[in-house]
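Participant:
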Amino acid sequence: MGSDTRREARCGCGTRGPVRRIRPSASILLAALTLALWKQVVDSQPTVVPEPPGKPFIMGFTSRSVNLSWAPILDPKQSPILHYAIRIRVGENGEWNNGPAVVAPGNESSFEVRELQPFTVYSFRVQAVNAVGFSKPSKESYYMVTLREVPEGKPEITSAHNVSDSSIQLEWIPPDKSTVHGEFQGYRISFRPRELNDQVAQEVILRDPNTTSYILKNLDTFRQYVISVQVFNPAGAGPASTVVAMTDEGMPGKPQNMDVARITDAMVKLKWGEPTNPNGVIQGYNLYCQHGNVTDIRTIRNPHTKMEYLLTDLNPYTNYTIWVRAFTSKNEGEASDHLHIRTDVQAPSAPYIVNLTCQSDTSLFLQWERPHSFYHQINYYYIYYKLRETWEYEEITIETSNNKLDHMILIPNLTSNAYYEVKVRGGTRSLIDQAKVYRGPFSDTRHIFCKVNITRTTVPGRQSSTGVDDGLGPGIIAGIVCASLALLIAVLIFLIWRKCFQANYYYLDDPPPLPKRSPNMAVNELYDESDYQSIPVHLWAIHVARLHADGDIGFSKEYEAIQQATVANVQFDQSQDCENKTKNRYLNIVAYDHTRVTLRQLPGLKRNNCDYINANYIDGYNKPRAYIGTQGPLPSTIPDFWRMVWEQRVVIIVMITNLVERGRRKCDMYWPKDGQDTYGFIQVTVLGETVMATYTVRTFSIRNIKIKKKHQSERIVYQYHYTNWPDHGVPEHPLPVLSFVRKSAAANPDDAGPIIVHCSAGVGRTGTYIVLDAMLQQIKYKGDLNVYGFLKHIRQQRNYLVQTEEQYIFIHDALLEAIESGDTDVPVTTLNRYVQTLQTANDLGANEGKDETCNAPAWQLLEKQFKLGTSFVPKDFHLMSATKTCNQGKIRSTDFLPIESHRVHITPKPGTEGSDFINASFVPGFTKLKEFIITQHPLPSTVADFWQMVWDHNAQTIVLLSPEWRPFWPLDDDVFDFETFKVKYSSVDGGMTPVTRDFLIQSTQDDYELLCRILHSPNWPQGCIPLSSAFDLIRVVQQWHQEYQNGPIIVVDRYGGTEAATFSCLTLLQKQMQLECHVDVYQHAKLYHMKRPGVWKSQDDYLFLYRALESASAAADSVVVAFNAPNGHIVNGNGHIPNTVVVINDGGSSGTSASVVA
């Protein structure tokens, strides 16, 4: 084809084309061109990172941003700068941010860095970025601090509670310092009365950032305050944490317009008005009636705005000073204006006719003596005479004066030779109503035959056949004198014999012959029943009913007889000694010399200067000196008190008073608040404290610092402190008191010294406790009791024991309750056997392991417990609010109504009758008297009242046991607006049982918020299988409730009845079972019925409580752990500290072991 023949070749691109032959010169040229092109391509790619930019400078800044500027890169190294990366360091010694950098887009050399934190130290570095990567960081900028801002964080208030009637203590946790945004300069506290707006708020500035608590003082008494706490820096104050707290009840003001409405010889009708400043909820009034050195106190409850009271049982023609004081649950108020009154006179006693003689055949001479007793004066005498055959008397009235002892009159114009009857009486004109005359009783009627020189008269005790009154001859007078002397000598001999040869210091029980002794009795059962026989147990109910008859007249007579029998010649010289008078809390409460506790003599001191304490030995049943009755210690006598505890080897102290009652100091705190303190030479250490609803148990270790041997110088002492017994009054129901008496008395070991019992004066409540314990012992060992005889006996050992008639009546009622109910406190170890016995319908002893005096068949025992527990039937005045017409539409079922004294009050609406009523009742828990509120499922018309109750009482837990009825809570985004607060839906958790719903309750007047949770379990307890799973809900509720421990738990069922009461009672009993290893179903079930009658419909409800507790005890693992003695509570039946305690798991059927915290 030749040299120019064309050939086809495949190109790199896949096409075919002719291939020409290239000449050598052209090849060289092509290669050079290709090499140059390749070099240009290589030189155009970046090979290294750029140089670092210049040092950044701060051009401007705010609290959250900074403007940076830096020198750009002059030699980009053949590659353009894509952008700059800014690195940030927080603090002077902080780490540089090596994570994602802040990117400044483009190649500009300035940038605004945002989203910084206020008042924070920052420094910056810049890196240039090209296609290869990041340059080295630039030099760091100068340190700078962003500007301040007002704080973002707020303190967390942990506690807000009153410490007096005019002060509230706040405690809080400061916010994180990073949220203060400036120099933390302190706190700003603002507070105002809740009902007022923010314009009247007051402020307190605290300039110490380390402060975490503060007491607001000089506040109004018994008033709710809205309190806010903020942190502040130089830029201002941050957001506020807000809480509502109320000052305590204070001393009420004086009652107004005290006046007398009517006065008679034995009665005064008084009237007065409510104090202008109640400073709390007025519970009633104490009326003081003073006569001479004696002041009688009468308590008046159920107060009204306008009060009227009939003061009875006064003495005629007697001067009295009368005043009243209002009282709240904590304080007694100021005295009203004093009224000085004098009661009216009373009729004189009967005159005595000394001579009635025929002056002639038509006239009689009458002579009589002035009545022995009269009031103020005798104004008139009335002479009555008539023929024996007629019916009507003739009357002669004569005026007289008190100066004459004998009076005489001639009665003329009579019928001769006729029998006459003559009698006389006196009369006294009323000082109040001058037109009224009080006529006294008649003298003995005398009979006489009217005939000249003949007198027929009948004189009591003697008759004259001649009709002439015989005088007393010298022989008769001498005989009377001799007889009187002989009688006086016999009485003296009897008193000396009794004092020298009879047991004086302890209560003995039966006259000889001596009965058989129990092996564990130390003293023979021997006592004198000559004036009052012991009452057998089976007759006690009849005896108490007889004393209650006719307005408790039987009690009044017995108590008056006891007071009159008080020994008048008992010596108490040591109490009246000048150096000892300051050791007596009350002037009239003394320690009898013959029974007083004598302290051991201290070296270097005279005996009478150091051996006195106002305390007396008091006998128990069959045990001399079983108790020491004493007053509440004064600051100056606290060392003496602990000396007595040490010297008398005391283990149990029973305290039956609060330190302050009704605003008055009743006892001084004689133990350390915590830790230890030394009183004289006795060092007292607090080892533990257990608080329950009605009493507290404290455990002390006491050490005599003068004794070197440790095992001889230390002892354990337990204080049983009853906190719910009013001064001069009695508890609401005897069951808690009986339980307290039994447990405290049983805790005293056999080899220990006397039990110290004290209240404030050491006489009223102290005597009541001692009589109850002694009579319970007598019932146990003898089967009879003698309150009258025993109290009469121990009143010879300490004055005024059992100080009021009301306390005397309470003792009888309490012992009747103890006899009827028996000892119902069941140990956990025998609970299974006890419940089995309850369900066995035969005559096996239902009280196996219990009181042997009760041997009723099992079903009879359960039925008996139910009947006794539900025997209380409320009267109309108990249901005063519930039965008002205006409240009828607020009640689902009239079977469940609140008792007036235990109903829950809500904020009333002005001018709306009954607006403070809701069908809800307070019932007690194990640690609080008002731990639960039982109420019905709200009606549509009472939903607002229900949430008002939640708001008023700061309730954060609602247990809902009613079925899926109409919801009373807001759904999803709904809001309930109730003027002063709003209820907002927060969240719901329906994935498990119970279903929980959370709500936020917010005040519309301030920033106060309340988190509230509803736990809904509609099938409880019917759906609890096994039965022990009933405690699963209780456990969940307690876990939630214990997070804040604020406000009562509200328990809701359909009608506020059985389900709600069962839940509350089982919660209480479970805690009792865990702490004491005992349960008392009967006691707590009966108290629930007393507060909300009808909650137990049948004995099956009682049986369910027993069976649930038995199931929980059996299902849970029993963990035996070493008993920690310092917890302050003695749990076994005989009072000795046990070596082990059984802890029941809360988990119900889970079967896992409970954790035990020592």
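According to mature numbering (1 follows the signal peptide of the UniProt record, and there is no 0), the residues represented by the sequence shown are -44 to -1, 1 to 1114, in order.
All C-beta atoms, glycine included, are put in the ideal place defined by N, C-alpha and C.
Model, not experiment: these values are computed from the prediction.
Quick one: what's Ser123 bridged to in DSSP?
Facilitator: Paired residues: Ser120.
Participant: Using the beta-carbon count (16 or more within 10 Å), is Gly720 buried or exposed?
Facilitator: So Gly720 counts as buried.
Participant: Based on the DSSP secondary-structure assignment, which residues constitute the bridge partners of Asp252?
Facilitator: The partner list for Asp252 (beta bridge, DSSP) reads Cys245.
Participant: For Thr114, does the three-state DSSP call read helix, strand or coil?
Facilitator: Correct three-state label for Thr114: strand.
Participant: Could you tell me which of Met202, Ile219, Asn189, Asn235 sits nearest to Lys210, measuring between CA atoms?
Facilitator: Selected option, being the one with the closest Cα: Asn235.
Participant: Less than 6 Å between C-beta atoms, sequence neighbours within five positions excluded: which residues of the same chain meet that for Pro692?
Facilitator: Thr650, listed in sequence order.
Participant: Between the stretch 926 to 940 and the stretch 897 to 907, do at least 3 Cβ pairs fall closer than 8 Å?
Facilitator: Yes, since at least three Cβ pairs between the stretch 926 to 940 and the stretch 897 to 907 fall closer than 8 Å, the two stretches touch.
Participant: For Arg1048, does the three-state DSSP call read helix, strand or coil?
Facilitator: Arg1048: coil per DSSP, three-state reduction.
Participant: So for Gln489, helix, strand or coil by DSSP?
Facilitator: In this structure, Gln489 counts as coil in the three-state DSSP scheme.
Participant: So what's Glu761 in DSSP terms, helix, strand or just coil?
Facilitator: It is helical.
Participant: Quick check for students: name the residue ranges of the alpha helix (DSSP H) that lie wholly in the stretch 614 to 701, counting only runs of 4 or more.
Facilitator: Taking only runs of at least 4 residues, the alpha helix (DSSP H) segments lying wholly in the stretch 614 to 701 are 666 to 669.
Participant: Ser777 and Leu732 look like a contact to me (Cβ under 8 Å); what is the Cβ gap, rounded to whole Å?
Facilitator: Wrong, their Cβ atoms sit about 12 Å apart, outside the cutoff.
Participant: Within the continuous beta strand (DSSP E) that includes Leu364, where are the two ends?
Facilitator: A quick correction: the sequence has Met, not Leu, at residue 364. Note, Met364: beta strand (DSSP E), 362 to 367.
Participant: Between Ile42 and the rest of its own chain, which residues show a CB-CB distance below 7 Å, the 5 nearest in sequence each way excluded?
Facilitator: Around Ile42: Leu24, Ala57, Val58, Ala60, Phe67, Val69, Phe80, Val82.
Participant: For Ala306, tell me which candidate among Tyr394, Leu295, Leu270, Asp317 has the shortest Cα-Cα distance.
Facilitator: Checking every option, the nearest Cα to that of Ala306 belongs to Tyr394.
Participant: Indicate the three-state DSSP secondary structure (helix, strand or coil) for Gly845 in the structure shown.
Facilitator: Gly845 falls in the helix class under three-state DSSP.
Participant: Quick check on Tyr336: does DSSP put it in helix, strand or coil?
Facilitator: Tyr336 falls in the strand class under three-state DSSP.
Participant: DSSP three-state call for Glu351: helix, strand or coil?
Facilitator: Strand at Glu351.
Participant: Can you give me the C-alpha to C-alpha distance between Thr353 and Ile545, rounded to a whole angstrom?
Facilitator: Answer to the nearest angstrom: the Cα atoms are 52 Å apart.
Participant: For Trp324, which beta-bridge partners are listed by DSSP?
Facilitator: Trp324 pairs with Ile309, His363.
Participant: Would DSSP call Leu956 helix, strand or coil?
Facilitator: Residue state, collapsed to three classes: strand.
Participant: Do Asp1056 and Leu917 come within 8 Å of each other at the CB atom, strictly closer than that value?
Facilitator: Going by C-beta atoms, Leu917 is not nearer than 8 Å to Asp1056.
Participant: Report buried or exposed for Asn258, applying the criterion of at least 16 other Cβ atoms within 10 angstroms of its Cβ.
Facilitator: Its Cβ having fewer than 16 others within 10 Å, Asn258 is exposed.
Participant: Going by DSSP, what residue range makes up the alpha helix (DSSP H) through Arg502?
Facilitator: Per DSSP, Arg502 belongs to the alpha helix (DSSP H) from 496 to 520.
Participant: To the nearest angstrom, how far is the alpha carbon of Val5 from that of Asp945?
Facilitator: For Val5 and Asp945, the distance between alpha carbons rounds to 57 Å.
Participant: Under 8 Å: do the stretch 782 to 797 and the stretch 508 to 522 share three or more Cβ pairs, one atom per stretch?
Facilitator: Because the criterion of three Cβ pairs below 8 Å is not met, the stretch 782 to 797 and the stretch 508 to 522 do not touch.
Participant: On the three-state DSSP scale, how would you describe Leu1031?
Facilitator: Of the three classes helix, strand and coil, the one that applies to Leu1031 here is helix, per DSSP.
Participant: Drop a sphere of 10 angstroms on the beta-carbon of residue 1130, count the other beta-carbons inside from all chains shown, and report buried for 16 or more, exposed for fewer.
Facilitator: Given a span of -44 to 1114 for the chain in the structure shown, any question on residue 1130 remains unanswerable.
Participant: So for Val601, helix, strand or coil by DSSP?
Facilitator: It is helical.
Participant: Grab me the residues of Pro894's own chain with a C-beta within less than 7 Å of its C-beta, minus the 5 sequence neighbours each way, in chain order.
Facilitator: Closer than 7 Å at Cβ, skipping near neighbours: Phe902, Phe924.
Participant: Between the alpha carbons of Gln912 and Val1007, how many angstroms are there, rounded?
Facilitator: Approximately 11 Å, taken between the alpha carbons.
Participant: So what does DSSP say about Pro705, is it helix, strand or coil?
Facilitator: Three-state result, Pro705: coil.
Participant: For Tyr964 and Ser857, what's the separation of their Cα atoms in angstroms?
Facilitator: So the two alpha carbons sit approximately 30 Å from each other.
Participant: Give me, in chain order, the residues of the same chain whose beta-carbon lies closer than 7 Å to that of Pro950; leave out the 5 immediate sequence neighbours on both sides.
Facilitator: So the list reads Leu971, His972, Ser973, Leu989, Val992, once near-sequence residues are dropped.
Participant: Can you tell me whether DSSP reads Gly825 as helix, strand or coil?
Facilitator: Helix at Gly825.
Participant: If you draw a straight line from the C-alpha of Phe888 to the C-alpha of Asn213, how long is it?
Facilitator: If I take the Cα positions, the gap works out to 40 Å.
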